[in-house]
Every structure is written in C-alpha cells, then in structure tokens.
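Okay, so here's the structure we're looking at.
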Amino acid sequence: MKKYLFLDRGIIDGHWTSNAILKLNQITKDVENNPMFREDYFSNPSRPWEVRYDNGYPNVFYDKEYEIFRCYYTLFTYDIESQNTALEERTNKQYIPTSSRITSVCYAESKDGVNWVKPNLGLVEFDGNKDNNILMRYGHGTSVLYDEDEVDPNKRYKLMTKIEYSHDNHFMAVAFSSDGIHFSDYIEWPKYNPQADTYNFVFRDKKTNKFIMITRVWKNGVRIVAKCESNDFINWSEPEEILRGNGFEDQIYSMPVFQYAGIYLGLASVYHEGDRTLPDFDLVDLKLKFATDLNNWDSICPGECFIPRGEGIYPDGEFDCGCIYASIPVEIDDKLYFYYMGGNGQHTNFRETSFGRGFIEKDKFAYYTQRDDELEGELHTGLFSIYGNDLSILADIEEDGYILIELEDKYGNAVQGFTFEDCIPLRKADGFKKISFKDKNLLEIGNKSVKFKFKFQNSKLYALKGDIDSCRRKY
C-alpha cells in the first residue's frame, strides 16, 4: 500500500484541474506550553554559558532506546556584546558581534516532549567547573543522527559539526557515540571544507542508504543550499548546490530535510534582506519545500509560511516574532510535532531566542480546496496502476460537503462502472475514507492505467493511499 500527498505536483494533471487551489496547512502552535525553555543567562539562577542562542538550530528526536526526547542546540557560550548589554538596554542599541564569540552545543531532554531539563553533563569546563549542559565547545550548526540502522552500537549516534576555533581556523568533523552524550574524538573531513556556517543537518537516505548532509555555501553574494553525500559518514563528497531562493529578499538560510510518503520535505528558514524599508527586512520565515529527488526542489504554496512568525516586534512581541529555525518532526499520538527555536527580533540585531513547538495532523501538510467557494472544485491526477481493492482519500469534509470520484482512461474517458454516478459519495469526514463504487471492484480494472478525477464541494483533499502505484512520466 502506498501513500501520495496531493502537494506532490508529479501526481497531479494541472491542465485539467478546475477551481481547485493548493493551500498550506500551517502548524497549530502549542500556546499552552510555549515557550518550553529559553536562554538562561538572565534567569535566576543564571546559566552564564547560555548568553545567546542566536539561531539555535534545534535537533530534536525521540530516542526509543532510552525512551526520551533529545534536543541538541547551538548557542554562543561567550559573546561579550550580549553579556554586557542588559535586556532593558537592547532596544536602543545595535548588536555588533565580535570575532571573540564562541559557538558551542548544548543538550536538553524530556520524558514527555513538554517538560524539558538541561542536565549537568560534566563534560565541558565553564568558569572553573563542569556543572553545565554543554555537550561540546566550538561546534557550529551541529546535528546528531540517531541511526537505527547502524549495527555497531558505538556508532548508533552520529554527530556532524563545523569546528570553529576562529574565523580563520575551522573545519568539518564527525564523531560517534553509543549513548548520545559521550562522543568519540572528532574525525576531521579528509577532503573539502565548505563554509557550512549554518545548520549542518544529516540523515540516512532511505532511497540510496547513503548519508546526506544538507548545508550551505555562498554564491554571488547570497546563501545557497548544498548537499554532501557519504557512504561511511567520514568521507564526504564536495558540496553541490541543490536550492537557491530569490535574490537577497528570499535566501535559504538553513533547511533540515526529512523523507515522507516517498518524497523529501524541507523546512527552509528564509532570510530577508535587500530592502530596509520592507516590514520583513532582517527577519526569518519558515517555509515548506518538497522534492522527489534531492537535487531538484520546489516550493509548496510560495509566499505562505508553514510556521508563522508570532505577533509584534522587538522587544514586546511574541517569543517567535522575528526568526524561526525548526527541527524535523516527531510523531506523537497521530500528530507531527515540529520543535523550533523562535527569536523575537531581527537576525542581525539583539534578540532573545526560545524553544517551542507546534503540530499538524499526520499527512496534512497541504490540501486542495475550492478557489471559488460557490463553485464545485475539480481535481485530476496523472496515471496510476491499481493492484488491489484498497483505496482511500484523506480529506476534511464539512457537513454540507462531498467528494465524488471517477476513474478515467489515459485519454480522459470515464471507465464504465467507475463513473461519478457509480461512486458512493463521500460525506462528513476528517480522516482517511474508503473510496468505493456501487457494483464494481477495483480489481476489475485489470492492468489498465487510470486517472482519478475528483469533484468536491466544501472539502479539503490532502492525500490518497491504497493499492496503487503512480505512473510517474512527468517526474
């Protein structure tokens, strides 16, 4: 059984679709619990090493082995400008970073995904003692992969980072761990040293079984998303451009990637500069990208934010009103939770950053609905093969709404016995609902390839799943 998200343009026949528009399903923020933790430099008691999270680059996952949620986050453990500027003084002062800043990685964990603790790890000395949650010093944009497919228990946790001793002395490195806390000595990349001044996100590609790092390079003055590949997590390929935004105004600052329903989804933090008069100047939005292969990316509903920034402006706005950097989702109780760092000010200015989350229901990233509410919507897919009798659609259907389905041959002719008149109409629903016809079994289609044609009113169409396989001639 396969699942297809309607946001994937490769399965849609856009030429015949009528009065149907794809809309992004923004996350629902966990306002009851947000923010879950924040910079503690000015807290009481103080954590003096948490002087500025900056972007944070949260790396969150649920560890089945230890039955805990883990969060690895990047921060400045030394930043003289932030240390010497009280919160009440920051509104009328421009943040000017110095080259003496030290980037490090800290660790937090949770049993329920809501209540987080910052344990004393006893690993890194700070101000004369090791009573802190610092995992490593000088790590920039660090990510940790919990690799369930790894057979060597000493390499179950894989760490990727840019070691940044100074602006002139930095290099890419990896490390391994059996418990996610105590890592081996760093292994420097034997070849290549990308700028990588971003979130260096790693994952194991289920399609190729290769390790992938999503990082950033610079070209012609703008930030560019790049990827590197590895078979052993030690030897990595030269960075290759895979995505760029739109000039100065929409640069991709970072983009963790995850695989879902046979495609790749990217959580792109989009940075805006180029015109100081614009309201989003120097702010960072979180937008959703998708791809069927890692080299060719597209936007889902350009202009819409997947995790919207909060209301207000610095210093009185909501904790996430300025900049957002997210982690890939964690599934909890049939919902996908997206943990993220939210800053309350401009990217290059003073801002305080906190850790929060939001969620969507599984599979509900985006949906087709009517462009004009007064008219019926019509959605056409490309060709599919049918090899069983299971077929269902994920949809939200209102009380007065409906969805009808018809099967067509490759020429657009209705298949006898599978017309709109033969379809059992789908009514009120908020999940997957079986598609069936009055007198026919889907297996009677045989080896013909067919298209699905949907007519709908007051409905949202998210996904299709069943004993079907897309004939991806336009992929």
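All the letters of the sequence shown, read from the start, carry residue numbers 16 to 490 under the numbering used here.
All C-beta atoms in this analysis are idealised placements derived from N, C-alpha and C, irrespective of residue type, glycine included.
When you compare only the Cα positions, how much space is there between residue i and residue j?
| i | j | result |
| --- | --- | --- |
| Tyr352 | Gln431 | 44 Å |
| Leu390 | Leu280 | 32 Å |
| Arg259 | Ser97 | 32 Å |
| Tyr355 | Pro73 | 6 Å |
| Ala412 | Lys177 | Just to set this straight, residue 412 is Ile in the shown sequence, not Ala. When rounded, the distance between both Cα atoms is 48 Å. |
| Met187 | Ile408 | 45 Å |
| Gly277 | Thr307 | 8 Å |
| Tyr88 | Arg324 | 20 Å |
| Phe218 | Thr32 | 36 Å |
| Tyr490 | Gly137 | The predicted position of Tyr490 is uncertain, since its pLDDT is 47 and thus under 50; a value taken from the coordinates is nonetheless stated next. About 51 Å. |
| Pro134 | Asp127 | 16 Å |
| Leu422 | Lys377 | 27 Å |
| Thr43 | Ala410 | 18 Å |
| Ile460 | Asn34 | 29 Å |
| Pro63 | Val139 | 14 Å |
| Thr363 | Leu282 | 21 Å |
| Asn250 | Asp162 | 17 Å |
| Gln385 | Arg85 | 41 Å |
| Thr434 | Tyr417 | 15 Å |
| Val75 | Val345 | 8 Å |
| Ile117 | Tyr180 | 8 Å |
| Ser125 | Cys486 | 44 Å |
| Lys222 | Leu309 | 11 Å |
| Val285 | Asp454 | 51 Å |
| Glu367 | Gly71 | 11 Å |
| Phe471 | Gly262 | 39 Å |
| Gly195 | Ile202 | 17 Å |
Grouping DSSP H, G and I as helix and E and B as strand, with all else coil, what is residue i?
| i | result |
| --- | --- |
| Glu165 | coil |
| Lys466 | strand |
| Glu104 | helix |
| Arg24 | helix |
| Lys18 | strand |
| Ile439 | coil |
| Ile111 | coil |
| Lys133 | coil |
| Leu458 | helix |
| Leu479 | strand |
| Lys173 | strand |
| Lys206 | coil |
| Lys145 | coil |
| Lys453 | coil |
| Asp247 | coil |
| Gly403 | strand |
| Gly281 | strand |
| Asp411 | strand |
| Asp295 | coil |
| Leu351 | strand |
| Arg155 | For the record, residue 155 in the displayed sequence is His; it is not Arg. Three-state result, His155: strand. |
| Pro60 | coil |
| Gly427 | coil |
Assuming residue i and residue j make a contact with CB atoms under 8 Å, what is their CB distance in whole Å?
| i | j | result |
| --- | --- | --- |
| Asp415 | Asn473 | 6 Å |
| Ile401 | Ile483 | 6 Å |
| Tyr19 | Leu479 | 5 Å |
| Asp23 | Phe305 | 7 Å |
| Leu406 | Gly481 | 4 Å |
| Cys320 | Gly327 | The Cβ separation is near 16 Å, so there is no contact. |
| Ile95 | Ser115 | 6 Å |
| Val465 | Asp424 | 6 Å |
| Phe365 | Tyr110 | 4 Å |
| Gln210 | Val232 | 5 Å |
Would you check if the distance between the CB atom of residue i and the CB atom of residue j is smaller than 8 Å?
| i | j | result |
| --- | --- | --- |
| Leu150 | Tyr122 | yes |
| Phe226 | Glu244 | yes |
| Asp55 | Ser61 | yes |
| Phe141 | Thr92 | yes |
| Phe380 | Asn359 | no |
| Tyr214 | Gly154 | no |
| Glu264 | Asp290 | yes |
| Val237 | Gln274 | no |
| Asp45 | Arg372 | yes |
| Ile239 | Met270 | no |
| Phe198 | Ser158 | no |
What is the residue span of the alpha helix (DSSP H) that residue i lies within?
| i | result |
| --- | --- |
| Ile95 | Ile95 to Gln98 |
The beta strand (DSSP E) with residue i in it runs from where to where?
| i | result |
| --- | --- |
| Ile42 | Per DSSP, Ile42 belongs to no beta strand (DSSP E) and is neither H nor E. |
| Lys234 | Phe226 to Lys234 |
| Gly332 | No beta strand (DSSP E) contains Gly332, which DSSP labels as neither H nor E. |
| Thr307 | Val299 to Asp308 |
| Val189 | Asn184 to Ser192 |
| Gln361 | Taken as a continuous stretch (DSSP letters only), Gln361 belongs to no beta strand (DSSP E), as it is neither H nor E. |
| Trp31 | Note, Trp31: premise wrong, no beta strand (DSSP E); not H, not E. |
Given 7 Å as the limit, tell me if residue i has its C-beta closer than that to any heavy atom belonging to the ligand PLP.
| i | result |
| --- | --- |
| Ala211 | With respect to the ligand PLP, the structure offers nothing, as it holds no ligand at all. |
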